[in-house]
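Number of protein chains: 2
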Amino acid sequence: MLRLSKLTDYAIVVLTYMAKNQDGLYSAIEIAKATGVAPPTVSKILKELLKAKVLISTRGAKGGYRLAKTAEKITVASVIGALEGPIALTECSVSNHNHSCEQVSGCEIGGVWGLINQTVFNALEAITLADMLVSVNRRSPQEINIPISSLYR
Amino acid sequence: MLRLSKLTDYAIVVLTYMAKNQDGLYSAIEIAKATGVAPPTVSKILKELLKAKVLISTRGAKGGYRLAKTAEKITVASVIGALEGPIALTECSVSNHNHSCEQVSGCEIGGVWGLINQTVFNALEAITLADMLVSVNRRSPQEINIPISSLYR
DNA sequence: CTATTTAGGACTATTCTAGTCCTCTTTATT
DNA sequence: AATAAAGAGGACTAGAATAGTCCTAAATAG
Ligand code: FES
Ligand code: FES
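As given, the protein sequences belong to chains A and B, one line each in that order.
Counting in the numbering used here, the first sequence runs from 1 upward without gaps.
Counting in the numbering used here, the second sequence runs from 1 upward without gaps.
As C-alpha cells, then:
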C-alpha cells in the first residue's frame, strides 16, 4: 500500500496547525488539545521534529515549540524524513555502500530503484506546509483518483 | 522511511527476469532458481501478480506464468498495487467514502493528501518494466541521492 | 522555590509482514 | 487410465515494526 506511518500523518496535522500562526509558540499539551492527538504522542512527534530541525524549542515554564522556518520552506519530504528516516523505498535504495542490498543473487536493478526513489522524493519535496494551508482554506472537495482500485483489503 | 514491502521488491526482480524474454513461459520453480528467491515465496508473489492481471497462467504439466502485456505497459505502480493494494500514503487517502478518515478532530487536510498521493502515483506510473531492463543492461553505477541523510537508524 | 514545560529514553502491546506449508485442481505424457 | 508436473487457494507461524505510554531529569518563569 506504500503507507506512511500514522506518526507522520499526525506530524503533518500538527505542523499544519502550528503553521496557522507562523510565529506562535505552542506547548505540547496545547497542540494535543487542538488536534485531538493524544498528548504523549504529540510530545513524541514534536521531539522528532525538533531533532530534525523542523522545529525550535524553548524549555521551562512558558516554553514550547515553534516552526524553525517559514511554512514555504518546510517540505513534506523533510517531515517524512524526520519521522521515518530517509525516503528509501527498498533495501536496495538504502545507502548501499557495502552492497548489503544484494538480497537476490544476480539482481542488478538497484540503479533503477535509485531513479524511482529520486522521482518519488522530488514529488514529496515539491509540496510544502504552505501548500497544506492553502488547501485547508480552500476546502476543495477534490475527489481522489486511485486507478488501482480493486485490491484494497 | 516510506518503505515498500520486500515482496514488492522481489516482484520487481521476478518480473524483470521474466521480461528478458517477453513471451517466455516460466514455472515458479524455474524463477525461484534463477532469482534466488525462495520457491514458496516466489509462488506467492506470482499468485498475487496473477490476481492483478499482470501475469497469465497455464495450469498443469508444462504450465507456468507469462507476462500479460508487454514490458512497456507494466508500470511499477501496477506492481505495487498488486502486492500492497492501492497506493494510499495515509488513512486519509483511502477511498474515504464514509469519512472514516477523520482520525483527528478538525483535520481538514485530506484534500492535500490526495494531491500528494496523486503526485507519487504519477511518478510510479511513469516507470515501466521496460525501464528496468534498460538500466540492467546499461548497468549505470549512478549513486543515489538521499538528501535527508542523518537519521537512518 | 515551585510550577511548568521540554529532553531523552525505556518499555509494552498490538499489528503487520515474510515466509512456509497443505490440499485441491488442471493438464501433458505415456 | 495412471502418473507426474504445475498452478490455485488459503491457513498458519514466527518475527519485526509500529503506536502509544510512561518515567526521570533538566531548564526556566515568576
Ligand atoms: S535486491 Fe538489491 S539491487 Fe535488487
Ligand atoms: S486525519 Fe484524515 S484528513 Fe487528516
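Cβ atoms here follow ideal geometry from the backbone N, Cα and C, with glycine treated the same way.
Treat the numbers as computed from the prediction; the structure is a model and nothing was measured.
In this structure, the beta-carbon distance from Ile56 of chain B to Arg66 of chain B falls below 9 Å.
At a C-beta separation below 8 Å, Ile116 of chain B has these neighbours in chain A: Val76, Ala123, Leu124 and Ile127. Between Asn117 of chain B and Ala77 of chain B, the C-beta spacing is not below 9 Å. In the assembly as shown, Thr58 of chain B is an exposed residue. Its beta-carbon has fewer than 16 other beta-carbons within 10 Å.
Leu83 of chain A: member of the alpha helix (DSSP H) spanning Val76 to Glu84, first to last residue. Under the DSSP assignment, Ser57 of chain B falls in the beta strand (DSSP E) whose first and last residues are Leu55 to Thr58. Against chain B, the CB of Met132 of chain A has a partner CB under 9 Å away; the residue lies at that interface.
The beta carbon of Ala38 of chain B sits closer than 7 Å to those of Ala32, all from its chain and outside the five residues before and after it, given in chain order.
For Leu67 of chain A, the enclosing beta strand (DSSP E) stretches over residues Gly64 to Leu67. In the DSSP secondary-structure assignment, Tyr26 of chain A is bridged to A:Tyr65.
Under the three-state reduction of DSSP output, Thr119 of chain A falls in the helix class. In the three-state reduction of the DSSP assignment, Thr16 of chain A falls in the helix class, which pools H, G and I.
Among the residues of chain B, those whose CB is under 7 Å from the CB of Ile80 of chain A are Leu2, following chain order.
For Val42 of chain A, the enclosing alpha helix (DSSP H) covers residues Pro39 to Lys51.
Rounded to whole angstroms, the Cβ separation of Leu129 of chain B and Ala34 of chain B is 16 Å, and the two are not in contact under 8 Å. Asp9 of chain B has its alpha-carbon roughly 17 Å from the corresponding atom of Leu4 of chain A.
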